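Below is one structure, written out as structure tokens, with a few remarks after it.
Protein chains: 2
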Amino acid sequence: MAFDAIETPFGKTDKIIGGSATYAAWSASHFTKPIHQISIIGGDFPEKEIKALKDRGVEFDGVEVLKDEKSFFWSGKYHEDMNTRDTLITDLNVLEKFDPQVPDSYQNAQYVMLGNLAPNVQLQVIEQLTAKPKMIILDTMNFWMDIAMDGLKDVLKKVDLLMVNDSEARQLSGEYSLVKAAEKIRKMGPEFLIIKKGEHGALLFHGDKIFSAPALPLADVFDPTGAGDTFAGGFIGHLAKTDDLSFDNMKQAVIVGSAMASFVVEKFGNERLTEINAHDINTRLKEFISLANFELDNI
Amino acid sequence: MAFDAIETPFGKTDKIIGGSATYAAWSASHFTKPIHQISIIGGDFPEKEIKALKDRGVEFDGVEVLKDEKSFFWSGKYHEDMNTRDTLITDLNVLEKFDPQVPDSYQNAQYVMLGNLAPNVQLQVIEQLTAKPKMIILDTMNFWMDIAMDGLKDVLKKVDLLMVNDSEARQLSGEYSLVKAAEKIRKMGPEFLIIKKGEHGALLFHGDKIFSAPALPLADVFDPTGAGDTFAGGFIGHLAKTDDLSFDNMKQAVIVGSAMASFVVEKFGNERLTEINAHDINTRLKEFISLANFELDNI
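Chains as they are written, first to last, in my numbering: chain P, 1 to 299; chain V, 1001 to 1299.
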């Protein structure tokens, strides 16, 4: 949970609310509650934002507040193609002291999402869980592969699903073919793998099954910040709501995640996630059906 | 119709049979006949290859043979990622004299595919048609946008469907967003647009409808040469077979084209297209259903 300042070809923001856990929680809150948030913030994190999340069923017992310190801050500028960005500022602030504690009231959560952070911090959360959840999802990034590959490999052994983008899947596996990359990565631990491909959609791998989900083609991607976290929140929110780990339902969760991601990029930050309702989401989901489904009755 | 010599990370070939029209004809021949081929070859084009095509219903009345000259020859080397390649040799040979003539016996063809060539040559074929076909499909490439944009725009006004890759769609329209690119390109003439995205599949645009087809994720892409032409052949072959221009059937044609492309890359050149049968194709099409289709019954 953090602050971001974002510049895109469409405009720029002052400090706005950001952070993986914020995006994921807002997204998941459209499908399930309670959401047991674990994070660390400074005294500067607005009460109004905390209240808005609490009103949506997000619990704060696991969110440490360091009153006299500042929340994590990231500032970045997207290039014209919106696929690449430059980081302008990274102020770790409270994140340097992050020592996540799982409150007793959070134990027995069945669907656990570990946002993108240092692998040893992610591992610390897993090790505090008193019972094995039904699904632990891990997000990570190339940065941790560069500087903490051994730690990342330790975490991978303990999770059920890894979510990375295509270049990260290639880096982690050393394979260019995503099919071969998926095979190698799943041998590292996770039974399920999601490879996110931005505007090209996402691939879900499990056993010998592959599902290819499209991204919604958009006239304008206003701000891609948080799209991956929003995807993750929608995905795990749908799983928690339905409590069904069949491959058919995992496909639906991927589509739900993709739909949520298609909303969040329409405005700066998480604004769209706070505006939309169940009707908007269902309308968007129907667009995905006509976008991707086909019959082969003329073959 | 031509010769290619290809080098990929998997190996290299001597001169083998290549050319857009060869790939497209082999691919389409799995779905429809006769196929009215228009091309130019030299005396070096093997009788055996001509006979193999004739046996599959490909007619040669429109193929000019210059006995004492050489067929077009292209040689290229693919990079490790298989998405980029260097052209080593381009010998135009007979292609410099290509003056396509539409034989009387070809008139009234309802499904016309114009392979990637100089726009004025493509236009020459359209202008010889005595009646408007149901569907004229145009392939082109960035090269013609660089040196013959005006001619290309003239051809675009006279075709029903344009098939290009994503970077070509961006170049032609000046728009990065493929949705905006599609809108601009369709204002240039074609009612339908297919944007091919290689390993990321293809998008079909018509009116306000978009269909996103996946590519089959492959462990090895052995040789990508001809994949686009094979896609086009399968696409138009299915349309000619079914004679149905509904959007639902166009979606099926995109999947058929994608399936045929997924075969051709498995070996060098067009070899796989000469080996596979209807059973192989149907099995592959079923893989596309499980790859891309989903229900939303848990929402």
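Even for Gly, the Cβ is constructed at its ideal location relative to N, Cα and C. Computed from a predicted model, the values in this text were never measured in an experiment.
Asked, Found
"Cut-off 6 angstroms between Cβ atoms - residues of its own chain near N277 of chain P, not counting five sequence neighbours on either side", "none"
"Alpha-carbon spacing of M163 of chain P relative to I236 of chain P, whole angstroms", "11 angstroms"
"Integer Cβ distance of S75 of chain P from D44 of chain P, believed to fall under 8 angstroms", "Actually they do not touch by this definition, with Cβ atoms about 15 angstroms apart."
"Boundaries of the beta strand (DSSP E) in which T1008 of chain V is found, first to last residue", "A1002 to T1008"
"Under 7 angstroms (Cβ pairs) to chain P, residues found in the segment 1210-1225 of chain V", "I1210, F1211, S1212, P1214, P1217, L1218, A1219 and D1220"
"8 angstroms Cβ cutoff, N1270 of chain V in contact with chain P", "no"
"is_contact[S177 of chain P, chain V] using C-beta, thresh 8 angstroms", "yes"
"Rounded separation between G1258 of chain V and F294 of chain P - CA only", "Note that residue 1258 of chain V corresponds to Ser in the displayed sequence, not to Gly. About 13 angstroms."
"Span of the beta strand (DSSP E), counted from its first residue to its last, around I1281 of chain V", "No beta strand (DSSP E) holds I1281 of chain V; the alpha helix (DSSP H) holding it covers A1278 to A1292."
"Burial state of T1087 of chain V, where buried means 16 or more other Cβ atoms lie within 10 Å", "exposed"
"N1270 of chain V beta carbon less than 8 angstroms from that of T1022 of chain V", "yes"
"Closer than 7 angstroms at the beta carbon, the chain V residues around H200 of chain P", "K1197 and H1200"
"Buried or exposed by the 16-neighbour rule on C-beta atoms within 10 Å, applied to A182 of chain P", "buried"
"Any C-beta of chain P under 8 angstroms from that of L1285 of chain V", "yes"
"A169 of chain P: contacting residues in chain V (beta-carbon distance under 7 angstroms)", "The contacting residues do not exist; A169 of chain P stays about 12 angstroms from chain V at best."
"Own chain partners of Q37 of chain P with C-beta closer than 7 angstroms, once the 5 adjacent residues on each side are dropped", "A21, A25, V58, E59, F60, G62 and V63"
"8 angstroms Cβ cutoff, A1292 of chain V in contact with chain P", "yes"
"Unbroken beta strand (DSSP E) run spanning A213 of chain P, endpoints", "K209 to A213"
"Extent of the continuous beta strand (DSSP E) to which K162 of chain P belongs", "Going by the sequence as given, residue 162 of chain P is Leu instead of Lys. Unbroken beta strand (DSSP E) run through L162 of chain P: L161 to N165."
"Any 3 or more C-beta pairs closer than 8 angstroms across the segment 1208-1217 of chain V and the segment 1112-1124 of chain V", "no"
"Near-chain P residues of the segment 1252-1263 of chain V - C-beta to any C-beta below 7 angstroms", "Q1252 and I1255"
"Given A52 of chain P as reference, the closest of P:T140, P:E69, P:S29 and P:D68 once Cα atoms are compared", "P:S29"
"The segment 1123-1139 of chain V in contact with the segment 1157-1171 of chain V per 3-pair CB rule at 8 angstroms", "yes"
"Element boundaries [beta strand (DSSP E), containing Q110 of chain P]", "First-last for Q110 of chain P: undefined, no H or E at that position."
"Buried versus exposed call for Q122 of chain P [16 or more other C-beta atoms within 10 Å across all chains shown]", "buried"
"Beta-carbon contacts of E1049 of chain V that lie in its chain and below 7 angstroms, excluding the five residues immediately before and after", "I1017"
"Residues that D91 of chain P bridges to, as DSSP identifies them", "P:F73"
"For K1323 of chain V: DSSP bridge partner residues", "Chain V is shown only over 1001 to 1299; residue 1323 of chain V falls outside these bounds and no answer can be derived."
"Residue range of the alpha helix (DSSP H) that includes V179 of chain P", "L178 to K187"
"Rounded C-alpha distance that separates D243 of chain P from S262 of chain P", "24 angstroms"
"Coil, strand or helix - F60 of chain P by DSSP", "strand"
"Rounded Cβ spacing between D1099 of chain V and A1232 of chain V (contact assumed at less than 8 angstroms)", "The Cβ separation is near 23 angstroms, so there is no contact."
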